[in-house]
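Per the numbering used here, the sequence shown starts with residue 1, numbered consecutively. Note that the Cβ used here is the ideal one computed from N, Cα and C, for glycine as well. All values derive from a computational prediction rather than experimental measurement. I have placed the structure first, in the form of structure tokens, so that the comments after it can refer back to it.
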Amino acid sequence: MDMETAKTQRVGTREGSGRWPAWLICMALVTVASGCGACQQVIRPAEPTTGPVSTCPGGPVCGIDKALIAGITVTDECPTGNCDPGGNGNAKGLYTAEGGNYCFMVGDTKYFCPEAFVHRPKGLMLSVRYLNGVFGVVEFPVEARLASDSSPVYMLAVEGERTQLTLKYRQNGVEHTLTGADVSKVILSLKSMPMGHGDATQLISYDMRFAPDQKEKTAEDGVHRYRLNYREVRPGNNTWLRLCSGDDDTVVSFLPGQRVSGATGYVKDDATVVTMGCEQGSIVTCLAWGYTPWDPATGLRDETRDYVYQSCLQAKRAAYFVGKGDWRSYTKRKTKIYRRDQYGFGKPQDSFEDVEALWSPLGAVCLNTKNRRRPTAEPWLGQNENNLKTYGVGPCSPEDYTLQGKVFTGPVEDPSTLP
Numbered sequence: 001m002d003m004e005t006a007k008t009q010r011v012g013t014r015e016g017s018g019r020w021p022a023w024l025i026c027m028a029l030v031t032v033a034s035g036c037g038a039c040q041q042v043i044r045p046a047e048p049t050t051g052p053v054s055t056c057p058g059g060p061v062c063g064i065d066k067a068l069i070a071g072i073t074v075t076d077e078c079p080t081g082n083c084d085p086g087g088n089g090n091a092k093g094l095y096t097a098e099g100g101n102y103c104f105m106v107g108d109t110k111y112f113c114p115e116a117f118v119h120r121p122k123g124l125m126l127s128v129r130y131l132n133g134v135f136g137v138v139e140f141p142v143e144a145r146l147a148s149d150s151s152p153v154y155m156l157a158v159e160g161e162r163t164q165l166t167l168k169y170r171q172n173g174v175e176h177t178l179t180g181a182d183v184s185k186v187i188l189s190l191k192s193m194p195m196g197h198g199d200a201t202q203l204i205s206y207d208m209r210f211a212p213d214q215k216e217k218t219a220e221d222g223v224h225r226y227r228l229n230y231r232e233v234r235p236g237n238n239t240w241l242r243l244c245s246g247d248d249d250t251v252v253s254f255l256p257g258q259r260v261s262g263a264t265g266y267v268k269d270d271a272t273v274v275t276m277g278c279e280q281g282s283i284v285t286c287l288a289w290g291y292t293p294w295d296p297a298t299g300l301r302d303e304t305r306d307y308v309y310q311s312c313l314q315a316k317r318a319a320y321f322v323g324k325g326d327w328r329s330y331t332k333r334k335t336k337i338y339r340r341d342q343y344g345f346g347k348p349q350d351s352f353e354d355v356e357a358l359w360s361p362l363g364a365v366c367l368n369t370k371n372r373r374r375p376t377a378e379p380w381l382g383q384n385e386n387n388l389k390t391y392g393v394g395p396c397s398p399e400d401y402t403l404q405g406k407v408f409t410g411p412v413e414d415p416s417t418l419p
């Protein structure tokens with residue numbers, strides 16, 4: 001699974017199952033211009049302001065299902081069959097597109113997968129997932145030194161202003177802040193990470209460093225991208241490897257103030273966390289598509305935008321049934337999709353006839369199975385085409401946004417022709 005590339009196509013419309021009515025296309029032109037700003041409510045800082053109740057042009061419901069969000073439980077505990085973040089190669093499509101591409105290597109084996117920096121009273125930690133499932137998700141202390149002379153420094157924080165990385169450290173009682181190209185001046189270290197159960201002597205350590213990359217993309221979509229190079233700390237090893245090397249873009253970006261479950265894609269607000277993901281995973285791709293949890297103009301967190309962002313996390317990776325307990329991704333890498341949302345947040349807002357699904361943070365609100373983007377994705381294999389397991393998720397009829405569903409998707413290519 002990759003960027004789930006979305007294209008713009010001018011097509012005719014007609015009423016009927018799996019089709020876009022003409023008024024909905026017209027509505028999109030309005031929402032692109034307006035953004036339906038009256039619907040947005042700032043939920044940060046601590047005393048949010050509430051906008052007036054309003055109905056979006058062309059849509060029956062402008063608001064979001066706050067009860068749905070409130071009912072989500074974020075956990076990395078999962079039933080048998082759902083826990084492997086690599087699975088059959090799609091890593092559930094969250095932190096990266098291809099299983100293990102966001103993991104540090106141990107020899108020739110992908111092993112430690114960094115997911116988020118966490119600020120604890122005892123200091124800065126890095127939350128790491130064991131790809132083989134030995135320990136699940138574990139937090140390790142982050143140490144630091146200057147790249148210029150290896151002088152030790154105390155890391156105070158790894159922060160994200162929207163997606164821009166900021167490193168803060170203290171040396172000799174003086175606090176320093178690094179942004180932009182200066183973030184490469186500090187080398188971060190993870191020490192004595194256990195390889196597995198029952199062998200305390202089998203430990204491994206890593207160095208890592210960041211540097212800005214692909215600034216031309218940042219100028220286009222506002223998402224800051226960084227190279228993350230790392231190396232195993234052992235005698236004679238001066239070889240730096242690049243995280244996300246299996247993805248097309250080999251860069252990471254940051255999502256501040258939110259933790260994304262690597263099992264479900266559910267999101268939890270947490271001011272102590274800065275999540276990190278590869279470009280090709282849903283976490284970063286949805287930001288690049290324009291689905292930021294904050295207002296791009298002000299940087300303030302917006303609950304409507306946040307709801308649509310969480311819906312995109314599921315839509316991009318085709319996690320139709322995550323809210324039903326099936327946490328699998330029903331797509332393959334390099335699958336192209338069309339997309340549009342009720343508010344015009346995303347860019348572009350595609351015009352398309354064949355509706356695949358309407359999305360919420362819990363997955364598909366409705367699904368037209370004949371238009372599913374990748375019928376040959378592993379979870380579909382072996383199923384009766386005339387009796388697919390959809391966990392009670394019905395077809396999208398009528399095709400309209402709802403209180404729960406805010407993002408529509410559709411296949412770009414004829415699904416029946418895809419391998």
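Self-check item: Simplified DSSP state of S148, which is helix, strand or coil
Solution: In the structure shown, S148 sits in coil (DSSP, three-state: anything other than H, G, I, E or B).
Exercise. With hydrogens ignored, establish whether the beta-carbon of G180 is closer than 7 Å to any heavy atom of the ligand GDP.
Key: In the structure on display, the ligand GDP does not appear, and there are no ligands present to speak of.
Exercise. May I have the straight-line CA-CA distance separating K406 from S311, to the nearest angstrom?
Key: For K406 and S311, the gap between their C-alpha atoms comes out near 7 Å.
Quiz prompt | Collapsed DSSP secondary structure at P415 in the structure displayed | solution = Three-state result, P415: helix.
Quiz item: Between which two residues does the beta strand (DSSP E) containing D270 stretch?
Solution: Residues 267 to 278.
Quiz item: For the putative contact between V223 and S253, defined by C-beta atoms under 8 Å, what is the C-beta separation to the nearest angstrom?
Solution: The pair is a contact, with the Cβ atoms about 5 Å apart (cut-off 8 Å).
Quiz item: Where does the unbroken beta strand (DSSP E) through T179 begin, and where does it stop?
Solution: Secondary structure note for T179: its beta strand (DSSP E) is the uninterrupted segment 174 to 179.
Quiz item: Roughly how many angstroms separate the alpha carbons of N172 and V284, rounded to a whole number?
Solution: When only Cα atoms are considered, N172 and V284 end up about 36 Å apart.
Practice problem: Using the Cα positions of T417 and P411, report the straight-line distance between them to the nearest angstrom. | Solution: Looking at the backbone, the Cα of T417 and that of P411 are separated by about 12 Å.
Exercise. Over the uninterrupted alpha helix (DSSP H) stretch that includes L287, give me the two end residues.
Key: Start and end: 282 to 288.
Quiz item: For Y266, which residues of its own chain have a beta-carbon under 6 Å away from its beta-carbon, when the five flanking residues on both sides are left out?
Solution: Cβ within range, chain order: I72, V74.
Self-check item: Backbone secondary structure at G323 - three-state DSSP
Solution: G323 sits in a helix when the DSSP states are folded into three classes.
Quiz prompt | Straight-line Cα distance separating D213 from C278 | solution = If you draw a straight line from the Cα of C278 to the Cα of D213, it is about 13 Å long.
Quiz item: Counting pairs of beta carbons, one from the stretch 327 to 347 and one from the stretch 230 to 237, are three or more of them closer than 8 Å?
Solution: Fewer than three Cβ pairs drawn from the stretch 327 to 347 and the stretch 230 to 237 lie within less than 8 Å of each other, which leaves the two stretches out of contact.
Exercise. Output the distance between the C-alpha atoms of C366 and K168, rounded to the nearest integer angstrom.
Key: About 45 Å.
Quiz prompt | L403 versus V393 - alpha carbon distance | solution = Pairing L403 with V393, the inter-Cα distance amounts to about 16 Å.
Quiz item: If you check the beta carbons only, do S184 and A211 fall under 8 Å apart?
Solution: Yes.
Quiz prompt | Residues of its chain near K268, where Cβ-Cβ distance is below 6 Å and the 5 sequence neighbours each way are ignored | solution = If you ignore the 5 residues before and after K268, its C-beta comes within less than 6 Å of the C-beta of V74, R259, all in its own chain and listed in chain order.
Quiz item: Just the Cα atoms here: how many angstroms apart are P419 and G281?
Solution: Distance between the alpha carbons of P419 and G281: 22 Å.
Exercise. Please report the Cβ distance between Y230 and F345, rounded to the nearest whole angstrom; I am assuming they are in contact, meaning their Cβ atoms lie under 8 Å.
Key: Y230 to F345, Cβ: 34 Å. No contact.
Quiz item: What did DSSP end up calling P141 once you bin it into helix, strand or coil?
Solution: Reduced to three states, the DSSP call for P141 is strand.
Quiz item: CB V186 to CB R225, shorter than 8 Å?
Solution: Not in contact: V186 and R225 (Cβ atoms no closer than 8 Å).
Quiz item: Which first and last residues belong to the beta strand (DSSP E) in which E232 is found?
Solution: From DSSP, the beta strand (DSSP E) with E232 extends over 225 to 232.
Quiz item: According to DSSP, is V118 helix, strand or coil?
Solution: Looking at V118 - three-state DSSP - the assignment turns out to be strand.
Self-check item: Whole beta strand (DSSP E) elements within the stretch 358 to 390, 3-residue minimum
Solution: If one requires a minimum length of 3 residues, the beta strand (DSSP E) runs lying completely within the stretch 358 to 390 are 363 to 367, in chain order.
Practice problem: Counting only the same chain and skipping the five closest in sequence on each side, list residues whose C-beta sits under 6 Å from that of L287. | Solution: The residues V223, in chain order, have a CB closer than 6 Å to that of L287 in the same chain once the five nearest residues on each side in sequence are set aside.
Practice problem: Whole angstroms is fine: what's the gap from Q465's alpha carbon to T376's? | Solution: The structure shown does not extend to residue 465, since the chain is modelled only from 1 through 419, so no value can be given for it.
Quiz item: Considering only the beta carbon of each residue, do Y338 and T409 sit closer than 8 Å?
Solution: Result yes, Cβ atoms of Y338 and T409 sit closer than 8 Å.
Exercise. Could you tell me which residues DSSP pairs with K110 in its beta bridges?
Key: Bridge partners of K110: M105.
Practice problem: State the DSSP-derived secondary structure class of S397, mapped to helix, strand or coil. | Solution: Judged by DSSP in its simplified three-state form, S397 adopts coil rather than helix or strand.
Quiz item: Which residues mark the beginning and the end of the alpha helix (DSSP H) in which S311 is found?
Solution: Unbroken alpha helix (DSSP H) run through S311: 303 to 316.
Quiz item: Relative to the C-alpha of G93, which residue among A315, R340, Q342, E413 is closest?
Solution: Per the C-alpha coordinates, the member of A315, R340, Q342, E413 positioned closest to G93 is A315.
Exercise. Identify every residue that forms a DSSP beta bridge with A297.
Key: Per DSSP, A297 has no beta-bridge partner at all.
Self-check item: As assigned by DSSP and simplified to three states, the class of N90
Solution: Unreliable positioning characterises N90 in this predicted model, as indicated by a pLDDT of 40, which lies under 50. A coordinate reading is not provided.
Exercise. Classify G410 as helix, strand or coil using the three-state DSSP reduction.
Key: G410: strand per DSSP, three-state reduction.
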